[in-house]
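Position 111 (the sequence shown) corresponds to 102 in the numbering used here; numbering is contiguous.
Report on one structure; see the data block that follows.
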Amino acid sequence: MKKRINLIAVVALLALTTACKKENTTENNSGADTIAVKQPEANSNGVPLVQAASDSKYPIMSFDHEVHDFGTIQQGDKPSYVFEFKNTGETDLVITSAKGSCGCTVPEYPKTPIKAGESGNIKVSFDSTGKTGQTTKTVSIMCNNKEGTKILTIKANIEAPKGAK
-8 MKKRINLIAV VALLALTTAC KKENTTENNS GADTIAVKQP EANSNGVPLV QAASDSKYPI
52 MSFDHEVHDF GTIQQGDKPS YVFEFKNTGE TDLVITSAKG SCGCTVPEYP KTPIKAGESG
112 NIKVSFDSTG KTGQTTKTVS IMCNNKEGTK ILTIKANIEA PKGAK
């Protein structure tokens, strides 16, 4: 009886730890969903020099669209979309990192500060390999805006190839 309970526990644990990894079975993914960026220089107290001004002025990341729907795509397609934004705040916008909600969603973002009034873009690539049906993924952008983050969303309806189960 103990062996049966141990076996069930091991199977359940294995199923939980490999659930998301199934999506990446056909691609060589090093597990890196983010791209490293040089951190801002810090003062002698370790506080980054690129911060919002002390008078509460912040950069504002303004997007025309924060959600993109790829529509219906075929399983295995690898579409991408470029989200365009403008810094409508009063100080430089610094993006420190961007991370997809899954290894199948990879963002590319500007590594240099975006000055007030200037524009930039974030390219999001999506790999639909191993997925079917309605899918929604997010990209979390860590930056120096008032909230500290910005979330972008992509959606797709993925059709399996004909004859697939």
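Backbone N, C-alpha and C define an ideal beta-carbon position, used for all residues, glycine too.
From the options, residue whose alpha carbon lies closest to that of residue i
i	options	result
residue 153	65, 115 and 56	65
residue 164	116, 86 and 90	The chain is shown from -8 up to 156; residue 164 falls before or after that span and cannot be answered.
residue 97	81, 109, 72 and 136	72
residue 146	137, 49 and 123	123
residue 84	130, 111 and 151	111
residue 88	56, 75, 104 and 81	104
residue 74	51, 137, 55 and 82	55
residue 82	108, 58, 109 and 50	50
residue 171	59, 148, 60 and 117	No answer is possible for residue 171: the residues shown for the chain start at -8 and end at 156.
residue 76	57, 92 and 148	57
Span separating the alpha-carbon of residue i from that of residue j
i	j	result
residue 121	residue 140	30 angstroms
residue 48	residue 67	44 angstroms
residue 127	residue 79	28 angstroms
residue 150	residue 62	11 angstroms
residue 95	residue 133	19 angstroms
residue 114	residue 135	19 angstroms
residue 53	residue 129	17 angstroms
residue 138	residue 69	31 angstroms
Any chain D beta carbon closer than 8 angstroms to residue i
i	result
residue 105	Absence of chain D from the displayed structure is noted, only one protein chain being present.
Bridge partner(s) assigned by DSSP for residue i
i	result
residue 72	115
residue 60	146
residue 98	115
residue 53	77
residue 110	77
Three-state secondary structure (DSSP) of residue i
i	result
residue 78	strand
residue 128	strand
residue 90	strand
residue 104	coil
residue 66	coil
residue 141	strand
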